[in-house]
Each structure stands twice: as C-alpha cells, then as structure tokens.
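Numbering (this note's numbering), first residue to last: 102 to 509.
Even for Gly, the Cβ is constructed at its ideal location relative to N, Cα and C.
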Amino acid sequence: MKSKARLLVAAWIFLLLPTLPAYSNQDFCNTFELCRENFQTAASKWTGAGTRAKIQTLEIPSRLPRGPLPVELLEIPATAKPRNLVFIISGVHGAEAFAGSTLQTLFLDVLLPGIDRSHTTFVVVHIVNPYGAVTGRRVTEGNVDLNRNFSTGPGLYKNKNSGYAAISDLLNPAGPARNSLLDVLRFYSGAAIELIRTPLNVLRSATLEGQYESTKGIYFGGLAPEPIVARLVPNIIRVIRNTDYERMLVIDLHTGYGAKGFMHVMPNPLAGSPLVLDRTRLVMKDTLGGYRLEDVAADPNFYQSTGDLSSFIAAKGMAIGMPSVPLLLEFGTMDSQTILGSLRSLYCVTQENRLHWYGADSLASKNAIQRDFREMFLPTDPEWQQLVTLQFKENLPGFIERFQKADH
Ligand SMILES: [Zn+2]
C-alpha cells in the first residue's frame, strides 16, 4: 500500500475507533460448530413465520468420523420486485471461515436490518469448505484450494504452471515438518536464491495462481470439480435464473493476504461479451465509490488466480447478459504485500502442508506450526478483530447501497 494511502486509512480508522460497538475478541467464532450455531441463530431471525426467506443445507461427503459436512445457503428474497442479487460467501478457504462467518452473522444481525431490501435478494453462503473449518486447513479434504477449482471452461484442470514446477522443491519439501531455526534458514535462503533469479511478482504468480499437477502440493486446484462444487453450482444457477435480475454483486470474504488489519477490496477477473463487460465495469465503479483499490487495480504485479468462486458466479450472470461484479474482501494479517511478509506467509503455508502429509518431528513442532497457521488466518490480536469488524461495518452498507443504484 502506498504510504500516503496507508496514512489516510490509519487516520480514518483512528477517528472511527471511539465510535466502535463493543465487538470484542470473543465475538469472533473460533470453531466450526460455534460459527454455524451463531449463523443459524442469526438466520432464524430472517426465516421465521410469515417470511419468504429460506435456508437450505447441502451435505458434503467426508471421511471425517463425524460424516457428511453441512454448507448452508440462506436466501432472503426482495420484498418487492427483485432487480438486484447479492451473494455474500464465507469459508471458501477453511481456515479463513471464522472471520468470514463472524462477518456474515454481523451482516444478518446488525447491517441487513438497515439496508433497503425492496428490490434486492440476498443469498448468504455459509462456510463453503466445512472440512477446512473443522480441521483448520485452508484446503478441502482432497487438498484442493477451492478458489482454484470452480471451472468456467473445460480447460481449467489442464492448466500448466511452469513457474510453480520450477520451485516445487522449495514449496513442498518432503519429510516430517520441523519448527526449527535451521528449517527457517533453509527456507529463507532457498527463497533468497530464487528471488535473485526471479522477481517477486513472478514468484508470487507462480505460487498463488494455483497449479493442477502436484496433488500434494500447496495451491493445488484439483483434477476435477470438488464435491462441494458439484453440489453448489446447480443451486447457484437456480438462484441466478430464478428471476430476471438486472445486476449481481458477489462478495467473497477472505483473510490472509495484504497489510495487517486492512480490508482489501479485490475485483476478480471478469469474463463476458464486450457489452456486458463494459456495463459490469460501470456497475463496479459505482459500487466501490472510490474505495481504495491500489493493491490490485493499480498494481501490475498482482497475481491473477484461476477457478475462483466469485468469478465463476459472475460469469454465470454475465452469460445471460447481466452485469455481475465479483469482489474478494481480503482482510490482511501478515503484511504479505511486502517481501518479508510474503515469504513468512508462504513459509507458514508450506509448513502446514508438510505437517499434513508427513507429520512433524515432535509434538511441540506440530503445535507451533498449527498455531502459526491459525494465527495467519484468524489473528488473536483483539485490535485486528476490531479493525476487521469496523471496516466491514463501515463499508459494506455503502457498497450495497451504491450497487442498488448502479443502473447501467
Ligand atoms: Zn482465502
């Protein structure tokens, strides 16, 4: 983030802090069960008698002892003629589900009652990757990064990422994971050598863009649609085609990437005919109302992933001529926009993956690796949680309000 922009945001947050409601640490759910319970309680206020809202549970097969895992879709129809469709999605990455679910519950409890619902249908998809939320992993039971798995075309799973293959040994070391200084030094020195050979943006693309060959590797996009994709897609298409909506906004909640404590709005790739693309860009511009996008829109170095859910949903809307804006809200945790933060994040992800496949050399290593990984996606720092809540609360109603008026 540019320093001037960072200063302005910091000043803005500082000025708003005293007006914060008491969203303290414990308000962030920290287990799948608690998140689901909170979400269901919040949803039940909308699905009561006399309402047309409904909640649907999709069962995802799992080899975990507890059996199939639930994903909920809450649909709150417009109260008058529907024109706008808004998706709010959490937990595509399991370890990020806690913040995402907390914000969805906040949305239902605190924000939605103050938002005009007359011409807007809201669909809240709760924890798309429940296996990841239950186990604390970012990926699915098949080691798949779900945001690399939603296929808009037949070629996705055949993608070759040659940059990834070149550094696969650094990213996916074999043998038990260790929490030792020697291991840290080995990783950082390996990364430093790569950085001398290759610029950071190329390395970032090689890793974060996703890969479709190494089934045990990090950022694996799968070889076929994941079970949740097969179950979710028909329901999403049903919702989109249910009514002649005029425009769609897809908000996908994530944590991990970017400056710690900041809400980064990242428009995802768009695919559609030139006419609908132009109209979508206008709707997006109006919706964001000048919100800072310097991390993505103005950064030619930013990576572009393939197979993400919000782009997939938007593409379905655009295919029927509807302007459809896919947005990722990413709440930064480790300053991964910097070289050091980026390497720290990457190390954390490689360690967790190694632990999953090869175990650890000791219980202490296992605990430390899991703690660091969890902290990367749900920082326990109360200030972080407060900043996340505040920025979501301060910005989301404005996005929705402007989107509702974006008549293009
Ligand atoms: Zn994520």
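Within the same chain, and ignoring the five residues on either side of Gly237 in sequence, the residues whose Cβ sits closer than 8 Å to its Cβ are Gly195, Ala196, Gln471, Phe474, Arg475. The DSSP-derived three-state label of Gly357 is strand. Contact between Leu371 and Ala420 is absent: CB atoms are separated by about 12 Å, not below the 8 Å threshold. Here Ala461 carries a strand assignment [DSSP, helix/strand/coil]. In this structure, Val172 is the residue among Gly151, Glu295, Thr152, Val172 with its C-alpha nearest to the C-alpha of Thr158. Counting C-beta pairs closer than 8 Å gives three or more between the segment 263–275 and the segment 298–307, which meets the contact rule.
For Leu207, the enclosing alpha helix (DSSP H) covers residues 198–207. Ile161 counts as buried, since no fewer than 16 other beta carbons sit within 10 angstroms of its beta carbon. Put simply, the segment 271–285 touches the segment 311–318. At least three CB pairs are less than 8 Å apart. With a 10 Å radius around the Cβ and a threshold of 16 neighbouring Cβ atoms, Asp345 comes out exposed.
Below 8 Å, enough C-beta pairs join the segment 218–230 and the segment 187–194 to call them touching: three or more.
Taking a C-beta distance under 8 Å as the contact criterion, Asn250 and Val340 do not qualify as a contact pair. Here the C-alpha atom of Pro178 lies approximately 21 Å from the C-alpha atom of Val229.
According to the DSSP assignment, Met367 belongs to the beta strand (DSSP E) that extends over 364–368. Closest in alpha carbon position to Asp508, among Val193, Ile216, Val240, Arg382, is Arg382.
Ligand 1 never approaches Gly233 closely enough for any of its heavy atoms to be under 7 Å from the residue's Cβ.
Across the set Val384, Leu354, Ser219, the C-alpha of Leu354 shows the shortest separation from the C-alpha of Val193. Residue pairing by DSSP places Ile156 opposite Leu175 in a beta bridge.
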